[in-house]
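Everything below concerns the one structure shown next.
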Amino acid sequence: MPKLVEKTNPEDELEDYAFLGREFMSWLLFRVARGEATFEDDQGELSFAFGGRIRLAGPAGDVSDAVLKGSSPSTSIELYAGLGAGRSVREAEMRIARGEREFRFTLIAETLDVRTVKLPSTLKDEGDDRLADRMALLEELESCVRTAFQAFIKERTRPVWQRSVIPEMRAWLAERLKLD
Amino acid sequence: MGALSGSVTVRRYLVRGEKPKDSGRIVKGARAHALVPIDPRGDAEKVCGWACMDDPDDLDLTAERMFHGPTVALAVRVDTLTAPAAVVKRLVAERLKATGRRANRAEKIAAKAEVKKTLRGRYLPVTRAYDLVWQTDTDLAFMWSHSKRINEMAVDLFFKSFGLELVPNGPLFVAGRGAIPAGLPATPEMILGFPGMPGRAVDGEDGDGAEDEDFSEVADA
Chain A
1 MPKLVEKTNP EDELEDYAFL GREFMSWLLF RVARGEATFE DDQGELSFAF
51 GGRIRLAGPA GDVSDAVLKG SSPSTSIELY AGLGAGRSVR EAEMRIARGE
101 REFRFTLIAE TLDVRTVKLP STLKDEGDDR LADRMALLEE LESCVRTAFQ
151 AFIKERTRPV WQRSVIPEMR AWLAERLKLD
Chain B
181 MGALSGSVTV RRYLVRGEKP KDSGRIVKGA RAHALVPIDP RGDAEKVCGW
231 ACMDDPDDLD LTAERMFHGP TVALAVRVDT LTAPAAVVKR LVAERLKATG
281 RRANRAEKIA AKAEVKKTLR GRYLPVTRAY DLVWQTDTDL AFMWSHSKRI
331 NEMAVDLFFK SFGLELVPNG PLFVAGRGAI PAGLPATPEM ILGFPGMPGR
381 AVDGEDGDGA EDEDFSEVAD A
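Sequence lines, in order, name chains A and B.
Take the first sequence: its position 21, counted from the start at 1, is 21 in our numbering, and no numbers get skipped.
Take the second sequence: its position 20, counted from the start at 1, is 200 in our numbering, and no numbers get skipped.
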């Protein structure tokens, strides 16, 4: 087995378990492609979808970073080729739908921080309530990401990860790239 | 774009340490480290301190302005007073040229410092404010910036003001206490590429033996 030496930005290494954030994004792409990106928490069901921008990065090769933009980069040949070659998603535009609410945001893989979040428009105009309302919505978004990440960790820490999930991901990429 | 309006860009932190028992101590800590505006006659090029979130020009921090229920709302204000580098460079060159000889390193440094000092009175400080929300009931803090430098300033200011540490809330904490076992290795395929795929970094199989690893007991804990 080749020795794993992951080359990343030194800044990334300061983050705790940054590689799990990157693996989570690949897993989520796989789950979305299979129509299995709906999760459930104590407030009901929530579903994930990818938006119009995905940034990939890899440890080696002629291309270290690639930004895929368009109507559906999550189903592009460039993405499959990148994942197959060992590149990982560093950030992606995403949508989470829960009932009639929809959150649009960019998720940063290494830290699971969010950027340019467009909160659902259920807010009051001004005053003290505005901060409370916005924080409640932000917490709801955090909770959705946490639910999906915990589902990933549950698979990731079991033998099923290497026995089933990784071979299935490989088969998915091979099928999309018309290999085998 | 901040806590009160616009799109949201935040970095999340866990607040670690013994929290002050009454809100008065939190207000006192913030007031002690409220921003002190730059004095153009002084030497400081950059200062950082707390300001009111709803009006960063207002440095009068009161409990009414800071507390929204259990939530503390503040702004990290950073003021910078520097002359444009191109102007400094040009004036230093003119000054050194006037001496009529080749300046040594010490003379260059002295000329630069003198030019910078002369220019300070001609420029106004540039003010930037970044919102910080601290939920005292859940021990979570949200910083409205992804800039590494600004976040470092905020972490430092928070510690000086309240004696509490801000720890980045990354995958380890999102997963939940004890959910990620120590020593969990990265998935080889997601670094080296999947076997048989074009552009893969190495040949051959990998991940051999990894299927024997079972961390589920830890994950279920």
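From the three backbone atoms N, C-alpha and C, an ideal C-beta is built for every residue, glycine too.
Predicted model only: the values in this text are computed from it and were never measured.
Query	Result
Local conformation of B/G222 per DSSP, three classes	coil
Chain B residues whose Cβ lies nearer than 8 angstroms to that of A/E23	A366, T367, M370
Cβ-Cβ distance between A/F152 and A/L112 below 8 angstroms	no
Chain A residues whose Cβ lies nearer than 8 angstroms to that of B/K361	The sequence shown places Pro at residue 361 of chain B, rather than the Lys named in the question. Here the neighbours are T157.
Inter-residue CB distance, B/R314 and B/T189 (contact presumed, cutoff 8 angstroms)	Correcting the residue identity first, residue 314 of chain B is Trp in this sequence and not Arg. Not a contact, Cβ separation roughly 17 angstroms.
Cα-Cα separation, B/E274 to B/A293	14 angstroms
Contact list for A/K118 against chain B, beta-carbon separation under 9 angstroms	S187, V188
7 angstroms Cβ shell around B/H213 - same chain, five flanking residues per side excluded	G229, W230, L337, K340, S341
Within chain B, the residues that A/M135 reaches when beta carbons sit closer than 9 angstroms	A183, H248, T251, V313, Q315, F322
Classification of A/G70 by the beta-carbon crowding that lies within 10 angstroms, buried from 16 upward	exposed
Alpha-carbon to alpha-carbon, B/P365 and B/N349	20 angstroms
Collapsed DSSP secondary structure at B/A243 in the structure displayed	helix
Chain A residues whose Cβ lies nearer than 8 angstroms to that of B/R191	T111, D113
Residues near A/R53 in its chain [Cβ-Cβ closer than 6 angstroms; skip 5 each side]	K69, E93
Contacting positions in the region 63-89 of chain A - beta carbon closer than 7 angstroms to chain B	A81, G84, A85, G86, S88
For B/R282 and B/G301, the rounded distance between their alpha carbons	29 angstroms
Residue span of the beta strand (DSSP E) that contains B/Y193, given as start and end	188-196
Any non-hydrogen atom of the ligand GTP closer than 7 angstroms to A/T106 Cβ	Absence of the ligand GTP from the depicted structure is noted, as is the absence of any ligand whatsoever, leaving it without description.
Buried or exposed (CB count within 10 angstroms, at least 16 for buried), B/A278	exposed
Identity of the residue in A/P73, A/M135, A/G84 nearest A/L179 by Cα	A/G84
Partners in chain B for A/I54, counting only beta-carbon separations shorter than 7 angstroms	In chain order: nothing, as chain B lies at least about 15 angstroms away.
Residues near B/P220 in its chain [Cβ-Cβ closer than 6 angstroms; skip 5 each side]	R300, G301
Helix, strand or coil at A/Y80 according to DSSP, with G and I counted as helix	helix
Where B/M333 meets chain A, residues with beta-carbon distance less than 7 angstroms	Those within 7 angstroms of B/M333 in chain A number zero; the least Cβ separation is about 16 angstroms.
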